[in-house]
Structure formats: C-alpha cells, structure tokens
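Notes for the one structure printed next.
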Amino acid sequence: MPLFCAGTYAPPLSLAIGRLKFERRSDLAKELARGLIAPLRNVGLTRLDAFVPVPLHRVRLVERGFNQAALVARTLARATGASFRPQQLERSRETAQQARLGRDEREANVHAAFRVRATRTVGRVVLVDDVVTTGRTALACLEALREAGSEVAAVVALARAGA
Numbered sequence: 034m035p036l037f038c039a040g041t042y043a044p045p046l047s048l049a050i051g052r053l054k055f056e057r058r059s060d061l062a063k064e065l066a067r068g069l070i071a072p073l074r075n076v077g078l079t080r081l082d083a084f085v086p087v088p089l090h091r092v093r094l095v096e097r098g099f100n101q102a103a104l105v106a107r108t109l110a111r112a113t114g115a116s117f118r119p120q121q122l123e124r125s126r127e128t129a130q131q132a133r134l135g136r137d138e139r140e141a142n143v144h145a146a147f148r149v150r151a152t153r154t155v156g157r158v159v160l161v162d163d164v165v166t167t168g169r170t171a172l173a174c175l176e177a178l179r180e181a182g183s184e185v186a187a188v189v190a191l192a193r194a195g196a
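Under the numbering used here, the final residue of the sequence shown carries the number 196; numbering is consecutive throughout.
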C-alpha cells in the first residue's frame with residue numbers, strides 16, 4: 034500500500050507542522066494539504082472512497098481544539114471528490130505522544146488503541162496523519178479499519194520523519 038508524504042520532517046515543513054499543532058494555526062492545514070493532492074490523483078479515488086483521519090483522544094482534542102489530521106483529510110476529500118469520514122475511527126484509550134517515545138515503546142503505546150466507530154464501514158479509505166515516523170500509529174489504525182471490512186488504498190501524511 035502506498036505512503037504519500039508532502040515532504041520530510043525538516044524545516045521549513047516541520048516548522049509549519051509545529052505551528053499548526055502547537056500554536057493552534059489551523060489555517061495552515063489547507064496550505065499544507067495541497068502538497069498531497071497531486072500524488073493522490075494517481076490512486077484513482079472516487080466519491081465512494083473516503084478520507085479517514087487518525088483520531089486524537091478526546092482529552093487531546095479538547096486541549097488542542099482541533100484534529101490536525103482531520104483538517105488535512107477534509108481538504109483532500111474536497112480536492113479529490115472523495116468523502117470525508119472524521120468519525121470513522123476513534124482512539125479508544127488515551128496514549129502517550131508517539132514523538133516522546135522510543136522505537137520499541139511506540140508499538141505497545143498504540144496497540145489496540147483504535148477502533149472503528151461507524152456502524153457502516155466504508156469500502157476504500159485513505160488514512161490521513163500529520164507525521165509518520167515509525168508507522169506504528171498508521172499500522173494500528175489500518176488493523177482496525179481492515180478488521181471492520183475496509184480496504185485501505187493509501188496512507189498520506191504531511192511529513193515522513195526519520196526513525
């Protein structure tokens with residue numbers, strides 16, 4: 034399954050992502066998402082497909098005020114004509130921030146941390162995250178989506194960080 038990223042997690046992209054997430058600059062999401070539109074056109078998405086963001090736990094969502102992956106997913110859905118399913122997945126338990134954990138701790142941190150909420154599964158989905166480092170969060174989400182009967186066409190992220 035393809036992984037599409039707008040770039041590597043290094044300046045200036047990392048600075049923009051940091052501003053989006055930690056300075057509450059939700060207005061940056063649209064501009065950052067534009068770097069993902071062209072590669073996604075090659076996936077052959079239709080309006081029956083859906084963009085599903087990696088969910089934040091409700092505690093973190095309240096702290097931040099928005100889910101940055103959902104803002105990116107919404108922009109991508111509008112640009113490609115696919116649907117936007119921000120409620121498809123939920124983080125069923127609070128997890129530590131992956132960026133603060135070592136490689137080995139990341140898998141345990143997100144193991145079984147996601148589940149599909151919607152009673153009606155979407156056939157083909159594109160999973161959207163802000164940054165992919167080891168891929169453990171994406172894999173945990175993919176497992177939940179696949180168990181619910183969804184086919185994952187691609188994973189997209191604003192940036193790919195070095196492990």
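Glycine is no exception: its CB is placed at the ideal position from the N, C-alpha and C atoms.
Checklist entry - Buried or exposed: where does T41 fall if 16 or more other Cβ atoms within 10 Å of its Cβ makes it buried? => result Against the sequence shown, residue 41 aligns to sequence position 8. By the 10 Å Cβ count, T41 comes out exposed.
Next on the checklist: DSSP has S116 in a bridge; who is on the other side?
Outcome noted: Counting from one through the sequence shown, the residue named residue 116 turns up at place 83. Looking at the DSSP assignment, S116 forms a beta bridge with A83.
Checklist entry - At which residues does the alpha helix (DSSP H) containing E197 begin and terminate? => result As shown, the chain starts at 34 and ends at 196. That puts residue 197 outside it, with no answer to give.
Next on the checklist: Among the candidates L89, E96, T113, R107, whose CA atom is the shortest distance from the CA of N75?
Outcome noted: Working through the sequence shown from its first residue, we reach residue 75 at position 42. Nearest of L89, E96, T113, R107 to N75, Cα basis: T113.
Item to check | Same chain only: Cβ atoms within 6 Å of P35, ignoring 5 sequence neighbours per side | outcome: Within the sequence shown, residue 35 is the residue found at index 2, counting from 1. The beta carbon of P35 sits closer than 6 Å to the beta carbons of A187 from its chain, once the five residues preceding and following it are set aside; these are given in chain order.
Next on the checklist: According to DSSP, is R124 part of a helix, a strand, or is it coil?
Outcome noted: Position 91 of the sequence shown, counted from the start, is the residue given in the question as residue 124. Here R124 sits in strand by DSSP.
Checklist entry - If you draw a straight line from the alpha carbon of L94 to that of L46, how long is it in whole angstroms? => result Residue mapping note: residue 94 aligns to position 61 of the sequence shown, counting from 1. Residue mapping note: residue 46 aligns to position 13 of the sequence shown, counting from 1. Distance between the alpha carbons of L94 and L46: 22 Å.
Checklist entry - Can you tell me the Cα-Cα spacing of R157 and N100, whole angstroms? => result For this step, residue 157 is matched to residue 124 along the sequence shown. For this step, residue 100 is matched to residue 67 along the sequence shown. Using only the alpha carbons, I get a separation of about 22 Å.
Checklist entry - Helix, strand or coil for V76 per DSSP? => result Here residue 76 refers to the residue found at position 43 when the sequence shown is read from its first residue. V76 falls in the coil class under three-state DSSP.
Checklist entry - What number of angstroms, rounded off, separates the C-alpha of A106 from the C-alpha of F37? => result On the sequence shown, position 73 is the one that residue 106 refers to. On the sequence shown, position 4 is the one that residue 37 refers to. Their Cα atoms are separated by approximately 13 Å.
Checklist entry - Buried or exposed: which applies to R118, given that a residue is buried once 16 or more other Cβ atoms fall within 10 Å of its Cβ? => result Position 85 of the sequence shown, counted from the start, is the residue given in the question as residue 118. When all chains shown are included, R118 counts as buried.
Next on the checklist: Nearest by alpha-carbon distance to F81: which of V185, A192, A190 is it?
Outcome noted: Locating residue 81 in the sequence shown gives position 48, where the first residue counts as 1. Per the sequence shown, the amino acid found at residue 81 is Leu instead of Phe. Considering only alpha carbons, the answer is V185.
Item to check | Residue interval of the beta strand (DSSP E) (run including G40) | outcome: For the purposes of this step, residue 40 is taken as residue 7 along the sequence shown, with counting starting at 1. Counting along the chain, the beta strand (DSSP E) containing G40 begins and ends at 36-41.
Item to check | Closest residue to C174 among K54, L65, T108, Q121 (Cα-Cα distance) | outcome: Taking the sequence shown and counting its residues from 1, one reaches residue 174 at position 141. Of K54, L65, T108, Q121, the residue nearest in Cα terms is Q121.
Item to check | Local Cβ density within 10 Å of L147, reported as buried at 16 or more and exposed below that | outcome: On the sequence shown, residue 147 is found 114 positions in, with the first residue counted as 1. The sequence shown places Phe at residue 147, not Leu. F147 comes out buried.
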